[in-house]
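Residues in the sequence shown are numbered from 2 upward in steps of one, following my numbering. Idealized CB from N, CA, C, for every residue including glycine.
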Amino acid sequence: MQKRRSHTKSRRGCKGCKEKHIKCDEQGPPCANCKSRGLPCAYPQQRSSRGSGGGGPSIKSSSSPSSSSNSTQLSPRPSISAHLLPIDSSPTRRLLELELMHRWSTRTYKGMCGIPSDATLMQLELPRQGLSEHPSLLHGILSLSALDLATTTADPRQVQGYHRAALEYYGHATRAFQDEMLNITRQNHFALYMLSAFFGVFHSAVLHLPSITDGGGGGGSRSSSSSSSGGPGGGNEEQDQVKMPPNSVLDRIPEMFALQRGTAVIASKTFMWLHEDYESFRLVREMGGAPASLLDADTRRALARLDVVNDALYGIVRTPPLSEDDDGFDDGGGEGVAYGDIAIKALLHPSHETYAAAISDLRRCFAEHARGWIDGFVMAFPMWMGKDVVAAMERRDDPMALLVLMYFGVLLEFNGRNQWWCASLGAKLVVEISDVFVRSGREFGPEFWDAVAWARRQCGLSVGGVCMSSSSSSQDDGRSGDVEVLE
């Protein structure tokens with residue numbers, strides 16, 4: 002047997018060379034071996050000090066077969082607790098972190114998968130990146146896992162403990178995120194993109210939970226200093242109180258929409274990197290838009306009804322009148338609202354056109370849901386809404402804005418059947434908007450109440466006494482009484 006040639010042992014070589022037991026020239030990244038093989042090249046963290054500015058590169062494209070099989074075995078791996086010392090390093094806390102990582106890898110990650118090929122990326126690659134390079138990403142993962150456990154745990158003390166842990170990790174993630182956003186690079190762009198998406202999910206999922214108050218203080222979800230005592234159930238029972246009922250979904254819509262627009266901003270700034278490094282982005286782009294033909298007749302009529310209501314609210318007259326059987330797509334491939342051969346006022350009201358565009362965006366989301374290729378596509382809708390529409394939703398003084406938002410709630414309810422973080426939120430939103438309409442005292446036409454009734458039915462809600470009786474102005478429908486936001 003041929004004797005092995007003697008050589009100087011590589012002490013600071015890259016991880017790929019160490020795994021293959023070959024000599025590394027230590028001149029990377031990338032080193033000569035990785036460069037010749039076209040493989041990602043990463044060095045152990047101890048190769049350079051934190052202050053040197055020469056941190057190791059991120060792992061590229063977890064979705065390519067060679068990358069996932071050869072580059073994702075990070076050894077040695079920094080311990081989770083090494084990143085969490087500012088929070089707590091007690092044995093109890095470490096057990097909690099182990100539980101949270103297990104939860105992420107078995108269930109929580111699924112709520113972040115848009116297409117099947119996202120699974121490996123979310124389940125394995127993200128935790129590895131969090132452990133090796135981006136502590137803020139790890140904190141984001143732990144915060145979502147804690148929320149996931151809090152929403153499925155029956156014991157109130159455990160719910161509160163998981164909730165507190167989620168808020169702590171979320172706080173650490175957001176502080177690091179704000180610092181890193183000052184310098185977006187190829188090494189941190191994906192971590193920042195995912196964190197921004199995590200924040201949107203966090204603010205949706207937390208609506209499932211009661212607000213935490215400390216010492217009888219004000220409302221809202223806040224974590225106390227006593228929460229560092231460890232796992233679920235920790236804290237001072239005499240001081241900690243749970244305030245019911247849970248937060249209003251309608252109250253949190255402006256924040257939810259703003260967070261989603263923030264994700265869109267990061268995606269636009271780093272689009273080329275995302276497209277080159279991650280197969281999922283390329284696959285979604287190659288899918289193209291879902292065709293209108295996928296919509297069932299009932300959904301097509303319901304969306305056309307929104308156009309009818311929009312016309313009625315702004316006094317728009319169409320010749321011929323728009324039929325509820327109109328699918329709302331033009332002959333050019335489904336862009337915009339189909340006006341056809343119309344004789345209307347000289348200029349459309351600007352808000353009318355804004356809502357017509359929003360209805361077109363809803364059609365796109367409903368068509369994508371019907372196709373079923375992309376889970377969570379509905380969260381693109383907030384990215385498309387302008388600040389004026391969101392402001393009208395927040396003021397609750399524009400019935401068309403709220404009706405558009407109600408249909409978004411239907412999509413959110415559909416999405417919640419597959420993704421844990423928004424389960425039942427859509428139905429809650431539809432109920433809250435229905436209540437605003439009923440208490441407003443305003444007289445809306447039958448098409449308006451038919452649209453409300455359709456949204457409620459899609460969410461499994463009753464329509465009797467709320468919508469059906471309201472479609473007839475001759476009946477006492479219980480909509481008397483004033484509310485300040487609508488006159």
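Delimiting residues of the alpha helix (DSSP H) encompassing residue i
i    : result
P117 : Where P117 is concerned, there is no enclosing alpha helix (DSSP H), given that its DSSP letter is neither H nor E.
V489 : Lying outside 2 to 488, the shown extent of the chain, residue 489 is not represented and no answer is given.
P351 : 351-372
A192 : 190-206
W421 : Per DSSP, W421 belongs to no alpha helix (DSSP H) and is neither H nor E.
L307 : 298-314
R443 : Per DSSP, R443 belongs to no alpha helix (DSSP H) and is neither H nor E.
S281 : 280-288
M401 : 400-416
F178 : 157-181
D149 : 136-153
K24  : K24 -> no alpha helix (DSSP H), and no H or E assigned at all.
K111 : From DSSP, K111 is part of no alpha helix (DSSP H); its letter is neither H nor E.
V390 : 388-396
S491 : Outside the displayed range of the chain (2 to 488) lies residue 491, so it cannot be described from this structure.
I254 : 250-270
M384 : 382-385
Residue i vs residue j beta-carbon contact at 8 Å
i    : j    : result
M380 : Q459 : no
L304 : I375 : no
A166 : L97  : yes
G417 : G427 : yes
H370 : L307 : no
S137 : A192 : yes
Y171 : S205 : no
M113 : G201 : no
I185 : K270 : yes
I275 : Y194 : According to the sequence shown, residue 275 is Leu rather than Ile. Cβ distance < 8 Å, so L275 and Y194 count as in contact.
L40  : G17  : yes
A368 : P292 : yes
V439 : A456 : no
L404 : A452 : yes
L210 : A151 : yes
E414 : L251 : no
Beta-carbon separation (whole angstroms), residue i vs residue j, contact threshold 8 Å
i    : j    : result
S146 : T109 : 5 Å
F409 : V310 : Not quite, the Cβ-Cβ distance comes to about 15 Å (not below 8 Å), so this is no contact.
G115 : V390 : Actually they do not touch by this definition, with Cβ atoms about 25 Å apart.
Pick from the options that is closest to residue i, judged by C-alpha positions
i    : options                : result
M401 : T355, F200, P30        : T355
P31  : K21, A43, I23, E20     : A43
M407 : W421, V437, M384       : V437
K429 : L462, S269, W105, N34  : L462
G290 : C366, A298, S281, A268 : C366
S425 : S249, E27, R38, P45    : S249
I567 : D252, P255, M182, P351 : This structure leaves residue 567 out entirely; the chain is present only between 2 and 488.
R282 : A298, G465, L122       : The amino acid at residue 282 is misidentified as Arg; the sequence shows Phe. Out of A298, G465, L122, L122 has the C-alpha closest to the C-alpha of F282.
D180 : E169, N419, D156, H135 : H135
S106 : E20, A265, D149, F382  : D149
V464 : S435, N189, G131       : S435
D312 : A298, K21, P351, L196  : P351
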